[in-house]
Every structure is written in structure tokens, then in C-alpha cells.
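Sequential numbering of the sequence shown, starting at 8, is according to the working numbering.
Here's the structure we're looking at; comments come further down.
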Amino acid sequence: MISFLIYIGVFLFMECVTWLTHKYIMHGLMWYFHADHHQPKYEHTFERNDIFFVIFAIPSITLFFFGVQGGFNYLFFIACGITSYGICYFLIHDVLIHQRFKWFKNTKNKYLIGLRKAHKIHHKHLGKEHGECFGMLFVPFKYYKM
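In C-alpha cells, the structure reads:
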């Protein structure tokens, strides 16, 4: 039971980590890597912004390694929470919102439509300043009502 609680807790905590990282790192110190993501058209299949998938994968891989070495201890379940959030982030951000893969093109789900609207508002700012809606899975309720 404690393993499941660790997993769920880390998954939910990753939304906070994502919000903080997106606002203060991606739109701050590491804007160089994130800037191409805010351009209307992508020139290539991959963008510099994709480096953040690697950055978030490193702690997860490390925790998996030490979690398995320790006999599937709590580190393993922390890694599972981070990885699960990463999968959800990929499906929501790259597949649903930006349509980099055309898998969920015509959704009628109000939650998913709200996520798309909030992210569209986020991308209305092409620069790193004046951003809003930095989260991914939890956005203000007003976007579900629009």
C-alpha cells in the first residue's frame, strides 16, 4: 500500500515540478532550449525543447537503477511516478495539444479540450515574458467553461 501511495504522490507532485520548471527554468535560465517550441511552425521533427524529456528522464532512470538494486525499494516507485507522469505529459502535450502525432485529433472530452485551450493561451506569447498556464494536467477551471 505504501508503494502505491508513493507512486501516486510522486505523480501528483510532478505537476508542481513541471509548473515550476516550465515557469522558472524553461521561460528563464534555459529559454534558449524552449524558445523554438513557442514558434508557430516547427522546422524539424525534433526541436531543441525536446532536451527537457532527456533532462527529466535522467533522474527517473537513476532512481529505477537504485530502486531495483535495493530490491524494489521506494526509489523504484518514485521512478514509476516520474515515468508515468512523463508518459501522460507526452500524450497530452505532444500528441493531443501540439498534434505532433495525429492520434487523438477529434476529442469531445471537456477536460482535454480545456487543457488544449489553456495551452493555446500559454503559446499566445511568443517570448519568454508574460506567460500563463504553465501546468500540464491541472489548469484553471475557466478553460473548461470557455
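Note that CB positions come from ideal geometry on N, CA and C, so glycine has one too.
Which term fits residue i, buried or exposed, when burial requires 16 or more other beta carbons within 10 angstroms of its beta carbon?
i	result
residue 88	buried
residue 60	exposed
residue 15	exposed
residue 68	exposed
residue 70	buried
residue 132	exposed
residue 64	exposed
residue 148	exposed
residue 122	buried
residue 39	exposed
residue 150	buried
residue 146	buried
residue 104	buried
Got a sec, what are the start and stop residues for the alpha helix (DSSP H) residue i sits in?
i	result
residue 126	117 to 130
residue 152	149 to 152
Going by beta carbon distance, what residues of the same chain come within less than 6 Å of residue i, once the five residues before and after it are set aside?
i	result
residue 108	102
residue 74	80, 82, 83, 86
Only counting the same chain, and skipping five residues up and downstream in sequence, which positions put a Cβ closer than 7 Å to that of residue i?
i	result
residue 18	88, 91, 92
residue 66	89
residue 130	45
Just to confirm my understanding: we take residue i, look at its own chain, exclude 5 residues before and 5 after, and list those with CB closer than 8 Å. What are they?
i	result
residue 118	151
residue 100	126, 143
(message) So within the segment 15 to 82, which uninterrupted beta strand (DSSP E) runs reach at least 3 residues, ignoring any that extend past its ends?
(response) Those beta strand (DSSP E) runs which fall completely within the segment 15 to 82 and span 3+ residues do not exist here.
(message) Could you check whether the segment 90 to 97 touches the segment 18 to 27, counting it as contact only if at least three pairs of C-beta atoms, one from each stretch, sit closer than 8 Å?
(response) Taking a contact to require three or more Cβ pairs closer than 8 Å, the segment 90 to 97 and the segment 18 to 27 qualify as touching.
(message) With a threshold of 8 Å, are at least 3 pairs of Cβ atoms found where one atom belongs to the segment 123 to 140 and the other to the segment 29 to 43?
(response) As far as the Cβ criterion goes, the segment 123 to 140 touches the segment 29 to 43, which means the pair count is three or higher.
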